[in-house]
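Chains as they are written, first to last, in this note's numbering: chain U, 1 to 355; chain Y, 356 to 630. Each residue gets a CB set at the ideal place from its N, CA and C atoms; glycine is no exception.
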Amino acid sequence: MLTNNHISGALALAPLREQVLKRAEPGSRVVVNLSGVQKLSGLDAAALLRLVIEGKEKGIEVRFSGLSAEARQAFTGLDASLLEHAATPTESLSPIEEVGEQTLDLLATARRLLEMIGEITYWFFIAPWHGKGVKWERTGEQIVKIGLDGVPIVSFLSFLIGAVLALNAASQLRQFGASIYIANLVGVSMTREMAPLLTAIIAAGRSGSAITAELGTMVVSEEIDAMRTMALSPGRFLLLPRVLALLCAVPCLTVLSNLAGIFGGYWVGVIVLGLGSRNYLQQTSQALLISDLVTGMVKSTMFALLIGLVSCYRGFYVHGGAEGVGTNTTASVVTSIVLCILADAVFTTIFFYFD
Amino acid sequence: MTTERDSSPYVQVENLVARYGNRTILDGVSCSARRGEITVILGGSGSGKTTLLRHIVGLLTPAAGRVLIDGRDIHRASEEEQEAILRNVGMSFQGGALFNSMTLEENIALPIIEHAHANRETAYTLARMKLALVGLERAAQSLPAEISGGMKKRAAVARALALDPGLLLFDELSAGLDPVTARELDELVLRLKAQFDVAILVVTHELSSIQMIADRAIMLHAGKVLAAGTLDEVRSMDHPHVRAFFDRRPRSTVVQHGLLDALLVDGGDHGENPA
């Protein structure tokens with residue numbers, strides 16, 4: 001049954017809404033007379049539309065009459081489908097759905113990461129047997145960028161860390177007249193711990209971020225897609241050279257870091273504390289075991305691999321243009337450093353029990 | 356108006372379905388392109404043109420359907436086969452997608468060195484020949500960042516030509532350029548058609564460009580093929596969307612069922628049609 005309720009007067013939307021939605025019977029038709037209204041602002045029009053939509057949900061058919069030509073402008077050229085897409089606010093997920101979604105995300109990430117590792121492995125171990133060798137030239141370029149260009153900062157910072165370690169130890173050891181053991185402390189902590197970690201952090205900040213930003217920009221500007229259409233595999237041309245370069249450069253930088261750190265300790269010991277130069281070096285060589293050096297190198301290689309995988313992955317899966325590149329570059333550095341320190345803890349624990 | 360030298364099409368897309376999440380981008384698209392012809396894929400923004408192109412070169416994997424290039428299914432080919440297919444395909448992207456760290460000649464020499472196993476000197480000579488073909492021989496040593504948008508697109512065309520492909524794909528070649536440069540690019544495409552025995556697929560929504568270069572046209576709308584055939588056939592179709600596209604009528608006036616009709620009691624009388 002249709003009843004015609006004529007509502008007239010100036011546009012007072014809140015009372016109008018009240019009147020229509022509360023008083024009208026479901027199944028009825030309400031005609032709102034808007035003849036008094038000269039002009040509709042965008043907001044008024046949207047509110048009227050909302051009224052129709054809400055009315056529709058309650059089974060009330062809301063229509064307007066007497067709209068002036070000027071007021072009609074607010075609705076002209078629009079499709080009636082606007083009425084179907086009732087603007088429902090985005091539903092928030094229930095906690096369980098949230099967990100599920102996150103788990104799926106994590107699984108997808110793991111899958112993509114494994115795919116990438118598979119690709120890199122393929123191009124290193126299998127493809128060369130099929131006549132598609134490793135791109136050594138590109139790898140060389142990357143080694144220069146990551147390794148050679150990193151020499152000054154790594155040696156400078158390692159020298160400082162070595163010196164600082166020595167100074168800190170000196171204030172304690174001097175009390176027992178055991179200053180010469182500074183050599184042991186600096187030597188062992190540099191080779192086992194500080195040098196690999198310091199180098200990894202510098203590499204993540206300098207090179208990991210650069211790799212992510214470079215690859216990310218290539219993704220955004222469709223360069224990677226262009227490569228694919230030319231049947232040039234990004235895994236072979238971009239990923240493997242970078243990971244290999246890190247695997248080669250980071251351990252080398254770690255060796256350098258060892259030397260610079262020990263030299264820092266030596267400098268403090270000999271110049272500042274007046275320990276004999278020969279004594280210090282002899283003490284250092286006695287203190288250091290091959291296993292210390294090997295431990296440090298194993299860690300360092302592991303860190304290089306982590307940085308390589310993280311930075312390549314972050315770069316390769318950039319979404320959302322320039323902003324995405326920025327976000328992923330930050331994430332790349334943070335993830336690399338967190339993973340390196342985590343791995344360091346795990347390794348140190350393992351070596352502690354099995355050394 | 357077109358001569359059919361080769362009866363079998365070089366590219367054949369069959370019932371292609373593409374989904375992104377639960378949104379269907381392409382819904383059973385079938386089309387084809389022949390050697391010696393320029394086939395234009397047209398349609399408004401968001402109609403699935405670029406997605407179709409990306410499926411043709413295998414950058415995206417379809418949910419259903421297949422793409423045959425020279426009779427071989429690109430999505431189900433082994434890696435070696437796919438490489439062989441792609442060596443016969445040249446594509447230029449919307450923004451050019453040149454490798455920014457390389458000069459133009461290095462950009463073009465790269466696929467030549469990798470796939471044709473040419474020595475460097477020959478590859479660079481060939482790269483310069485390709486650049487000369489698009490009128491960029493003087494910019495061979497420039498980096499992509501140092502040249503204009505139109506030059507980038509021409510360089511991208513030169514790179515697409517690097518391996519003398521049988522299929523050329525151009526995504527929005529003349530879009531976003533000034534009319535003169537756009538026309539130059541259209542002329543370039545026509546020259547390539549005359550000079551080489553290639554199938555050319557161009558994605559565009561530039562009407563002037565379509566009228567100038569197209570032999571055949573495929574019109575996409577909301578993921579479906581709305582019209583396909585020679586340019587004249589498509590141009591003379593009565594479908595409202597086709598008409599709207601060729602008569603350059605903005606979408607709002609194609610509205611079949613206006614909002615005013617639904618809102619007003621005295622709806623259709625004088626509510627319709629703002630001139």
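For Thr191 of chain U, no alpha helix (DSSP H) run applies, since DSSP gives it neither H nor E. The C-alpha of Leu306 of chain U is placed about 7 angstroms away from the C-alpha of Leu339 of chain U. Within the stretch 75 to 109 of chain U, the residues whose Cβ lies closer than 7 angstroms to some Cβ of chain Y are Phe75, Thr76, Gly77, Leu78, Asp79, Ala80, Leu82, Leu83, listed in chain order. The continuous beta strand (DSSP E) containing Ile393 of chain Y extends over residues 393 to 397. For Arg421 of chain Y, no alpha helix (DSSP H) segment is defined; the enclosing uninterrupted segment is the beta strand (DSSP E) at 419 to 424. Membership of Val154 of chain U in the alpha helix (DSSP H) is indicated by the continuous run 151 to 173. The Cβ neighbour count for Glu97 of chain U, taken over all protein chains shown within 10 Å, is under 16; the residue is labelled exposed. By the criterion of at least three beta-carbon pairs nearer than 8 angstroms, the stretch 384 to 401 of chain Y is not in contact with the stretch 431 to 445 of chain Y. Contiguous alpha helix (DSSP H) elements confined to the stretch 93 to 153 of chain U occur at 95 to 121, 136 to 146, taking only those with 4 or more residues. Under the Cβ criterion of 8 angstroms, Thr229 of chain U is counted among the residues facing chain Y. Counting C-beta atoms within 10 angstroms of its own C-beta, Asp526 of chain Y has 16 or more neighbours from the protein chains shown and is therefore classed as buried. Comparing C-alpha distances from Leu441 of chain Y to each of Y:Asp587, Y:Leu522, Y:Ala554 shows the shortest one belongs to Y:Leu522.
Taking the beta carbon of Ala226 of chain U as reference, the chain Y residues within 7 angstroms of it are Phe448, Ala452, listed in sequence order. Interface criterion met: the Cβ of Asp616 of chain Y is under 8 angstroms from a Cβ in chain U. When only Cα atoms are considered, Asp44 of chain U and Asp593 of chain Y end up about 38 angstroms apart. Under the three-state reduction of DSSP output, Lys404 of chain Y falls in the helix class. The shortest CA-to-CA distance from Ile429 of chain Y to any of Y:Val412, Y:Gly445, Y:Leu586 is the one to Y:Val412.
For Thr379 of chain Y, the secondary structure class from DSSP, reduced to helix, strand or coil, is strand. Residues of chain U whose Cβ lies closer than 7 angstroms to the Cβ of Arg442 of chain Y are, in chain order, Ala231. Judged by beta-carbon spacing, Ser402 of chain Y lies beyond the 8 angstroms limit of Leu528 of chain Y, meaning their Cβ atoms are not closer than that value.
Val164 of chain U has its alpha-carbon roughly 56 angstroms from the corresponding atom of Met506 of chain Y. Annotated as distal: Ala617 of chain Y and Ala46 of chain U, with beta-carbon spacing of 8 angstroms or more.
Residues of the stretch 48 to 65 of chain U whose Cβ lies closer than 7 angstroms to any Cβ of chain Y, in chain order: Val52, Arg63, Phe64, Ser65.
For the pair of segments examined, the stretch 207 to 216 of chain U was found to touch the stretch 135 to 152 of chain U: the number of CB pairs separated by less than 8 angstroms reaches three. Excluding five sequence positions before and after Val333 of chain U, the CB atoms of its chain that fall closer than 7 angstroms to its own CB belong to Ala204, Gly205, Gly208, Ser209, given in chain order. Residue-level contact by beta carbon fails for Leu423 of chain Y and chain U, as no gap is shorter than 8 angstroms. Nearest neighbour of Thr284 of chain U by Cα position, chosen from U:Ala249, U:Phe263, U:Ala74, U:Phe125, turns out to be U:Phe263. Contact between Val557 of chain Y and Val544 of chain Y holds: their C-beta atoms lie close to 7 angstroms from each other, under 8 angstroms. Counting of Cβ neighbours within 10 angstroms places Met218 of chain U among the buried residues, the total reaching 16 or more. The beta carbons of Ala495 of chain Y and Leu459 of chain Y sit about 6 angstroms from each other, so the pair counts as a contact at 8 angstroms.
The bridge partners DSSP lists for Asp526 of chain Y are Y:Val558. Contact with chain Y is found for Arg72 of chain U, since one of that chain's Cβ atoms lies less than 8 angstroms from the residue's Cβ.
Residues of chain U with a Cβ closer than 9 angstroms to the Cβ of His430 of chain Y do not exist, since the nearest Cβ in that chain sits about 13 angstroms away. Taking one beta carbon from each stretch, the stretch 247 to 259 of chain U and the stretch 271 to 278 of chain U have fewer than 3 pairs nearer than 8 angstroms; the two do not touch. Identification of residues in the stretch 394 to 421 of chain Y having a C-beta nearer than 7 angstroms to some C-beta of chain U yields Val412, Leu414, given in sequence order.
The distance from the Cβ of Asp225 of chain U to that of Lys299 of chain U is about 37 angstroms, inconsistent with a contact at the 8 angstroms cut-off.
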